[in-house]
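In my numbering, the protein residues as written are 5 to 431.
Note that CB positions come from ideal geometry on N, CA and C, so glycine has one too.
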């Protein structure tokens with residue numbers, strides 16, 4: 005099993021894996037053998053990253069237009085933003101089982117096929133197709149979300165920060181591009197449904213780009229019993245609880261904001277195009293913020309300050325969203341974008357925790373599945389509170405409470421009592 009060094013909160017270090025043991029713990033055939041294979045793997049990671057938020061942010065920018073064209077009511081409007089999180093929770097829970105059965109690479113390929121298919125189904129101009137396609141696509145995203153930290157751990161154990169940074173950079177880049185162009189793209193294609201379906205092409209490209217990795221893994225693999233690590237004992241460890249908590253709170257805030265930010269601005273008087281532009285600004289800032297915070301937090305003693313910066317930025321953004329006029333919408337857009345930069349830090353902590361790939365997968369599964377399940381309250385709750393009160397003051401107050409909880413969790417995760425050795429039971 006790969007050795008881990010403790011998370012030393014007094015210095016605030018991101019946990020690290022000893023490269024040599026991690027590599028030796030893997031079958032020789034599982035690691036990239038040639039420069040060509042390694043490069044193909046990097047390209048595949050980029051293509052996958054581009055897809056993992058585009059399907060969400062492209063829909064978020066079009067929620068207002070979709071409701072007007074398809075004619076669904078407030079209940080569907082509240083449920084729709086929560087579907088990704090519910091799928092991430094339910095489908096993500098089965099990722100450990102799927103990766104044990106077929107391997108990490110084939111599990112990701114299956115997920116990409118589901119993603120592409122679901123995105124294309126959303127092109128049918130009907131509420132049922134919108135809901136069904138979203139469930140299918142988001143189930144594919146769920147498997148990718150859980151499996152990618154393990155894929156990076158297994159194939160690039162000595163370059164975890166670099167590959168996680170690349171992965172999250174392209175993820176944010178895809179989200180930014182989708183948010184910025186979804187409205188004009190839908191206008192060019194003649195309907196918001198076709199504007200959503202167009203992103204299925206990107207999903208197909210990711211699947212085709214990842215197939216060489218799957219074929220190489222299949223040809224060079226040896227049939228061995230993959231270890232099974234139970235997820236639930238992780239919740240009896242301090243690290244498991246805190247990683248699940250930090251993932252939950254950041255997901256709650258991220259998806260509540262991504263789901264309703266453009267809608268709030270539109271309801272306050274901005275045009276759909278202007279709201280989509282500000283949404284794109286938020287996503288663009290999150291790209292740079294993620295890279296900055298990852299580089300900053302990876303330095304000795306700087307993990308805690310990096311987590312503080314991201315979480316406090318979200319809290320200030322909520323206040324700016326409530327009190328500033330829409331003419332200054334770029335201020336909360338920038339602040340929210342910086343707050344979203346916490347995501348790669350959380351992924352690196354997950355990728356470098358545990359004593360083997362199986363343990364990392366189990367930790368990733370439990371943190372993301374429970375985290376997304378609870379975080380689904382965010383978009384759904386905001387929609388219901390807005391419908392009940394007719395305003396956004398109470399929904400934003402809910403976000404403020406969660407932002408404070410995130411800051412507290414960041415403090416506890418980087419305390420002296422927390423260590424990366426989770427020690428889960430195997431079965």
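Per-residue burial, residue i [other beta carbons within 10 Å of its own, 16 or more giving buried]
i           : result
residue 331 : exposed
residue 414 : buried
residue 383 : buried
residue 279 : buried
residue 282 : buried
residue 270 : buried
residue 418 : buried
residue 141 : buried
residue 272 : exposed
residue 151 : buried
residue 60  : buried
residue 96  : buried
residue 287 : buried
residue 258 : buried
residue 212 : exposed
residue 263 : buried
residue 130 : exposed
residue 78  : exposed
residue 379 : buried
residue 393 : exposed
residue 178 : buried
residue 207 : buried
residue 301 : buried
Distance, residue j Cα to residue i Cα
i           : j           : result
residue 201 : residue 239 : 39 Å
residue 89  : residue 375 : 9 Å
residue 219 : residue 175 : 24 Å
residue 356 : residue 395 : 42 Å
residue 67  : residue 85  : 9 Å
residue 162 : residue 370 : 24 Å
residue 43  : residue 265 : 37 Å
residue 204 : residue 171 : 19 Å
residue 134 : residue 51  : 24 Å
residue 149 : residue 192 : 31 Å
residue 294 : residue 285 : 14 Å
residue 343 : residue 318 : 5 Å
residue 367 : residue 386 : 29 Å
residue 321 : residue 336 : 5 Å
residue 411 : residue 340 : 15 Å
residue 93  : residue 388 : 21 Å
residue 45  : residue 158 : 12 Å
residue 326 : residue 345 : 21 Å
residue 328 : residue 109 : 47 Å
residue 261 : residue 223 : 44 Å
residue 153 : residue 351 : 7 Å
residue 167 : residue 53  : 11 Å
residue 28  : residue 156 : Low confidence applies here, because residue 28 scores a pLDDT of 37, under 50, leaving its location unreliable; read the following figure in that light. Rounded to the nearest angstrom, the two C-alpha atoms are 15 Å apart.
residue 71  : residue 47  : 37 Å
residue 189 : residue 291 : 22 Å
residue 199 : residue 120 : 14 Å
residue 406 : residue 186 : 29 Å
residue 333 : residue 274 : 9 Å
residue 137 : residue 420 : 45 Å
residue 246 : residue 363 : 16 Å
residue 197 : residue 160 : 38 Å
residue 250 : residue 347 : 10 Å
residue 75  : residue 83  : 14 Å
Enumerate, from N- to C-terminal direction, the unbroken alpha helix (DSSP H) stretches of 4 or more residues contained entirely within the stretch 343 to 414.
List check, alpha helix (DSSP H) in window: 346 to 355, 361 to 379 and 381 to 393.
At least 3 beta-carbon pairs within less than 8 Å: the stretch 131 to 147 vs the stretch 114 to 122:
Under the Cβ criterion (8 Å, minimum of three pairs), the stretch 131 to 147 counts as touching the stretch 114 to 122.
Is it true that the stretch 294 to 310 meets the stretch 92 to 106, where meeting means three or more beta-carbon pairs spaced less than 8 Å apart?
The stretch 294 to 310, when compared against the stretch 92 to 106, does not touch it at the 8 Å Cβ threshold.
Alpha helix (DSSP H) segments (min. 4 residues) lying fully within the stretch 67 to 141:
Listed in chain order, the alpha helix (DSSP H) elements of length 4 or more contained wholly in the stretch 67 to 141 are 67 to 74, 78 to 83, 87 to 97, 99 to 106 and 108 to 125.
Can you list, in chain order, the stretches of the alpha helix (DSSP H) that have 4 or more residues and sit fully within the stretch 140 to 186?
Counting only runs that start and end inside the stretch 140 to 186, there is no alpha helix (DSSP H) element of at least 4 residues.
Taking only runs that begin and end inside the stretch 210 to 281, name each unbroken alpha helix (DSSP H) of 4 or more residues, in chain order.
Inside the stretch 210 to 281, DSSP marks whole alpha helix (DSSP H) runs of 4 or more residues at positions 242 to 271, from first to last along the chain.
Quick check: the stretch 391 to 411 against the stretch 121 to 133, are at least 3 beta-carbon pairs closer than 8 Å?
Judged by Cβ distances under 8 Å, the stretch 121 to 133 makes no contact with the stretch 391 to 411, as fewer than three pairs qualify.
Could you name each continuous alpha helix (DSSP H) segment of 4 residues or more that falls completely within the stretch 280 to 325, going from the start of the chain to the end?
Whole alpha helix (DSSP H) segments, 4+ residues: zero.
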